[in-house]
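As structure tokens, the structure follows; a few thoughts come after it.
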Amino acid sequence: MKIIVRTFAGFEEILAKEIFQITNLNPEIGKRAVYLEGNLETIYTLNLWCRLALDVLVELHHYKASNEDELYNGAYEFVWNNEFSIHETFSITSVVNSPFFNHSKYASLKIKDAIVDQFNKKIGKRPSVDRENPDHKFLVRISHDQVNLLWNTSGDSLFKRGYRTMTGIAPLNEVLAAGILNFSGWDLKRPLIDPMCGSGTFLCEALMLARNIPPTIKRKSFGFMNHKDYDHGLWEKLKAKSLQEINNNQPTIMGFDNFNEMIIASRTNINNVLPNNNCKITFKDFFDLEPPLENPMLILNPPYNVRIAQEKNHLFYEEIGSRLKHTWSGSDAWILSGDLESLKHIGLRPIRRIKLFNGPIETKLVHIPLYKGSKKDKYR
-6 MKIIVRTFAG FEEILAKEIF QITNLNPEIG KRAVYLEGNL ETIYTLNLWC
44 RLALDVLVEL HHYKASNEDE LYNGAYEFVW NNEFSIHETF SITSVVNSPF
94 FNHSKYASLK IKDAIVDQFN KKIGKRPSVD RENPDHKFLV RISHDQVNLL
144 WNTSGDSLFK RGYRTMTGIA PLNEVLAAGI LNFSGWDLKR PLIDPMCGSG
194 TFLCEALMLA RNIPPTIKRK SFGFMNHKDY DHGLWEKLKA KSLQEINNNQ
244 PTIMGFDNFN EMIIASRTNI NNVLPNNNCK ITFKDFFDLE PPLENPMLIL
294 NPPYNVRIAQ EKNHLFYEEI GSRLKHTWSG SDAWILSGDL ESLKHIGLRP
344 IRRIKLFNGP IETKLVHIPL YKGSKKDKYR
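Position one of the sequence shown corresponds to residue -6 (the numbering used here), numbered consecutively onward.
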């Protein structure tokens, strides 16, 4: 089977490395995705263990089409009742980059027509479309005259880990948080602090990483569970094996926030990941916080309110930079921000800048070492 694992732009290389570590397979790197060959066990393993994947797709059919009849006929040729039954629901989404097809919704409609027409001819009944909660999700990808029909084995996106039961106003995507931890090079031993922790996404992802907890072990459902070839015994075997691989590391992970609601949310979510963990989550404003220990790694995602005047956002970042410089020397700060203009006002020079996206929002991840004394002293 040809497998396509999708991720965020900029995550392709680290996802490929993660997949090699998980499966010992070398994926081919593409745009916002990687490609590999595998079997059912590969599919289940990727859905269970990939921290950096958004979903896992399988190619069902590939053909050429340069008009709507060819698009319809190519989809009609595929034997759809081998994939799902008349009693199950499905949805179709399309990604189109072609001079022959202008609208992704129209492409989805033609593929949908081909599927239901085939069922109607063979069985005398038509399966139902459910755009909100389908049993099966299919993706049509059209590039020029090349058409790929793909099955989404994940169902819901893999950022839905299953541990988040409380959220803030703008919760950080779990896959994005896992990727940032990967970029940071955190060695799982150095103390990790999120001084603006919100609902605790960084803390939860860090704990799972350090303890080798499978990221989706809490999830109850995946798209592959509704397929005719679903191997329940294999899935349960892989889950049982993964639980045995959880270790007893005791990483120092600390979170702080100045809203009680967020402290409650963070504690709830991290206890959902692992009850009786040793993570410390405390009510404290960042600007009153003193380093609780030496040489920590800081990960910050400062809150951003587009309704606040830009000057106030600039001032907020100036204050963050000043606090980091004068209070947190000897630390390393990794800052994720969607306010690219205000980030320039932090007053500290990053040694690394990484362009990322949090949903549709362009963000920047910057690494700022907070040296003790001068840089010259640092390298003596």
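Every residue gets a Cβ at the ideal spot worked out from N, C-alpha and C, and that includes glycine. As the structure is a prediction and not an experimental result, all values here were calculated from the model.
For residue i, which residues from the same chain have a beta carbon less than 6 Å from its beta carbon, with the 5 sequence-adjacent residues on both sides left out?
i, result
"I239", "R204, N205 and I206"
"L50", "I(-3), L143 and N145"
"I108", "W73"
"I354", "G331"
"V89", "S97, A100 and I135"
Could you tell me the distance, in whole angstroms, from the CA atom of residue i to the CA atom of residue j?
i, j, result
"T356", "N294", "10 Å"
"P188", "I313", "11 Å"
"K211", "I186", "25 Å"
"C43", "I12", "7 Å"
"K232", "E81", "26 Å"
"N269", "L202", "17 Å"
"C190", "D278", "11 Å"
"E94", "A199", "Going by the sequence as given, residue 94 is Phe instead of Glu. If I take the Cα positions, the gap works out to 43 Å."
"K377", "K105", "Since the displayed the chain opens at -6 and closes at 373, residue 377 lies outside it and no answer follows."
"G226", "G216", "16 Å"
"F4", "R25", "7 Å"
"G117", "D62", "23 Å"
Is residue i helix, strand or coil when you go by DSSP?
i, result
"Y156", "coil"
"L349", "strand"
"T275", "strand"
"T356", "strand"
"G381", "Missing from the structure shown is residue 381; the chain here goes from -6 to 373 and no further."
"L363", "coil"
"K105", "helix"
"P204", "Sequence inspection shows Arg at residue 204; the Pro mentioned does not correspond to that position. If DSSP states are grouped into helix, strand and coil, R204 belongs with the helices."
"F280", "helix"
"L231", "helix"
"S87", "strand"
"Q139", "strand"
"S330", "strand"
"L33", "helix"
"N251", "coil"
"K(-5)", "strand"
"M189", "coil"
"K10", "helix"
"L132", "strand"
"N42", "For the record, residue 42 in the displayed sequence is Trp; it is not Asn. If DSSP states are grouped into helix, strand and coil, W42 belongs with the helices."
"N264", "helix"
"N306", "helix"
"L376", "Nothing in the structure corresponds to residue 376, since the chain is present only between -6 and 373."
Closest to residue i by CA distance: which of the options is it?
i, options, result
"L39", "K10, P164 and H137", "K10"
"I344", "G352, P353 and A326", "A326"
"T422", "P268, S259 and V266", "Only positions -6 to 373 of the chain appear in this structure, which leaves residue 422 out of reach."
"I347", "D138, K(-5), A2 and T82", "A2"
"P362", "E334, S335, H319 and E6", "H319"
"S136", "S330, P92 and I7", "P92"
"L169", "S87, L47 and Y65", "L47"
"R342", "P353, I354 and L358", "L358"
"L282", "I339, M247 and N241", "M247"
"P244", "P184, N19, F252 and W321", "P184"
"L329", "K305, Y65, H220 and L174", "L174"
"T275", "E254, E287, N288 and M290", "E254"
"K213", "I256, S150 and I162", "S150"
"I22", "I15, I7 and T35", "I7"
Under 9 Å between C-beta atoms, does residue i make it to chain C?
i, result
"I22", "Although the question refers to chain C, the structure presented lacks it and comprises just one protein chain."
Ignore the nearest five residues each way along the sequence and tell me which others in residue i's own chain have a CB closer than 7 Å to its CB.
i, result
"Y56", "G67 and V140"
"C197", "Y156, N262, I263 and V266"
"W228", "Y37"
"F350", "F1, A2 and T356"
Using C-beta distances below 8 Å, list every residue in its chain close to residue i, excluding the 5 sequence neighbours before and after it, in chain order.
i, result
"D222", "L33"
"R300", "Caution is warranted here: a pLDDT of 48 is assigned to R300, below 50, making its placement in the model unreliable, and the coordinate value is therefore given only provisionally. Nothing listed; no residue qualifies."
"N113", "R119"
Quick check for students: name the residue ranges of the alpha helix (DSSP H) that lie wholly in the region 49 to 79, counting only runs of 4 or more.
Scanning the region 49 to 79 for uninterrupted alpha helix (DSSP H) segments of 4 residues or longer gives 61 to 70, listed from N- to C-terminal end.
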